[in-house]
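Here is the structure we will look at.
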Amino acid sequence: MTLAARLFSLAWPFALTAFVAPSLAHAAATATAAATATAIESQLDCKSTPHDFIAPLQQEGLLEKKAMRVEPNSINAFRPVKGAALTAYGFKVYALVAYQKDDPLFRQGKGEPIGDAAYGAVVWGGDDEVQQRVREAGSDAVVHHVAPFITAIFCKP
Numbered sequence: 800m801t802l803a804a805r806l807f808s809l810a811w812p813f814a815l816t817a818f819v820a821p822s823l824a825h826a827a828a829t830a831t832a833a834a835t836a837t838a839i840e841s842q843l844d845c846k847s848t849p850h851d852f853i854a855p856l857q858q859e860g861l862l863e864k865k866a867m868r869v870e871p872n873s874i875n876a877f878r879p880v881k882g883a884a885l886t887a888y889g890f891k892v893y894a895l896v897a898y899q900k901d902d903p904l905f906r907q908g909k910g911e912p913i914g915d916a917a918y919g920a921v922v923w924g925g926d927d928e929v930q931q932r933v934r935e936a937g938s939d940a941v942v943h944h945v946a947p948f949i950t951a952i953f954c955k956p
């Protein structure tokens with residue numbers, strides 16, 4: 800299975816949410832969140848580890864301690880805690896994804912792990928716009944289209 804297909808399988812529930820939520824309410828929430836959001840793009844430079852990406856946000860109370868979902872390829876998806884707003888390159892973060900082999904912070908899935916380490920973010924934004932901002936910032940992250948206006952930013956250090 801390709802990386803894009805794996806990310807799609809992770810993010811399809813997020814895509815469904817995008818079509819259920821009223822667009823005006825989402826726009827208002829995004830505007831409010833952006834005013835008080837914590838930016839995480841410095842960690843998406845692909846020079847960090849999945850543990851160093853996820854653990855500090857959990858310790859700061861910004862990210863759920865338990866993964867909301869674990870993919871067969873061991874990618875763990877973590878949601879921001881209620882009331883917390885995270886952004887990556889100016890886009891609202893829906894979830895952070897990560898896996899690091901032999902790290903108790905991450906649960907292993909039932910299938911073959913994606914590798915020894917991988918991490919990233921699923922954001923609300925078009926893939927072209929996200930790609931442009933990621934490249935302007937000088938990140939080596941891979942940008943994948945997930946669904947309309949849902950994009951994954953992914954690092955395999």
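In case it helps, my numbering puts the sequence shown at residues 800 to 956.
Yeah, the Cβ is synthetic: ideal placement off N, Cα and C, and Gly gets one too.
Please read all numbers here as calculations on a predicted model, not as lab measurements.
Between which two residues does the alpha helix (DSSP H) carrying Phe-890 extend? Numbered from 1 along the sequence shown, position 91 holds the residue referred to as residue 890. Here Phe-890 belongs to no alpha helix (DSSP H); instead the beta strand (DSSP E) covers 890–899.
In three-state DSSP terms, what is Val-941? Counting from one through the sequence shown, the residue named residue 941 turns up at place 142. Residue state, collapsed to three classes: strand.
Looking at the structure shown, is Ala-936 part of a helix, part of a strand, or coil, going by DSSP? Taking the first residue of the sequence shown as position 1, residue 936 is located at position 137. Coil, per DSSP.
Arg-932 to Tyr-898, Cα distance in whole Å? The sequence position of residue 932 within the sequence shown is 133, counting from 1. The sequence position of residue 898 within the sequence shown is 99, counting from 1. Arg-932 and Tyr-898: Cα-Cα distance of roughly 24 Å.
Would you call Asp-926 buried or exposed, if buried means 16 or more other Cβ atoms sit within 10 Å of its Cβ? Translated into the one-based positions of the sequence shown, residue 926 becomes position 127. By the 10 Å Cβ count, Asp-926 comes out buried.
Cutoff 7 Å; reference Gln-907; Cβ partners in own chain excluding five residues on either side: To locate residue 907, count along the sequence shown from 1; it is residue 108. If we look at Gln-907 and ignore the five residues flanking it on each side, its Cβ neighbours are Ser-873.
Alpha carbon of Phe-953 to alpha carbon of Val-892, nearest angstrom: As a working note, residue 953 is residue 154 in the sequence shown. As a working note, residue 892 is residue 93 in the sequence shown. Their Cα atoms are separated by approximately 13 Å.
Do Phe-890 and Gly-924 come within 8 Å of each other at the CB atom, strictly closer than that value? Position 125 of the sequence shown, counted from the first residue, corresponds to residue 924. Position 91 of the sequence shown, counted from the first residue, corresponds to residue 890. Yes, the Cβ-Cβ distance between Gly-924 and Phe-890 is below 8 Å.
Can you name the start and end residues of the beta strand (DSSP E) that Ala-953 belongs to? Your numbering for residue 953 matches position 154 in the sequence shown. Reading off the sequence, residue 953 comes out as Phe, not Ala. Looking at the DSSP string, the run of the beta strand (DSSP E) that includes Phe-953 is 949–954.
Using CA coordinates, which residue listed in Gln-930, Ile-913 and Ala-854 is at the minimum distance from Pro-871? For this step, residue 871 is matched to residue 72 along the sequence shown. The shortest Cα separation from Pro-871 among Gln-930, Ile-913 and Ala-854 belongs to Ile-913.
Helix, strand or coil: which one does DSSP assign to Ala-854? In the sequence shown, counting from the first residue as 1, residue 854 sits at position 55. DSSP places Ala-854 in helix when its eight states are reduced to three.
For a test of the three-state rule: what should DSSP assign to Leu-843, helix, strand or coil? As a position in the sequence shown, residue 843 is number 44, starting the count at 1. DSSP places Leu-843 in helix when its eight states are reduced to three.
Applying the 10 Å Cβ sphere with the 16-neighbour rule, what's the burial state of Val-942? For this step, residue 942 is matched to residue 143 along the sequence shown. Val-942 comes out buried.
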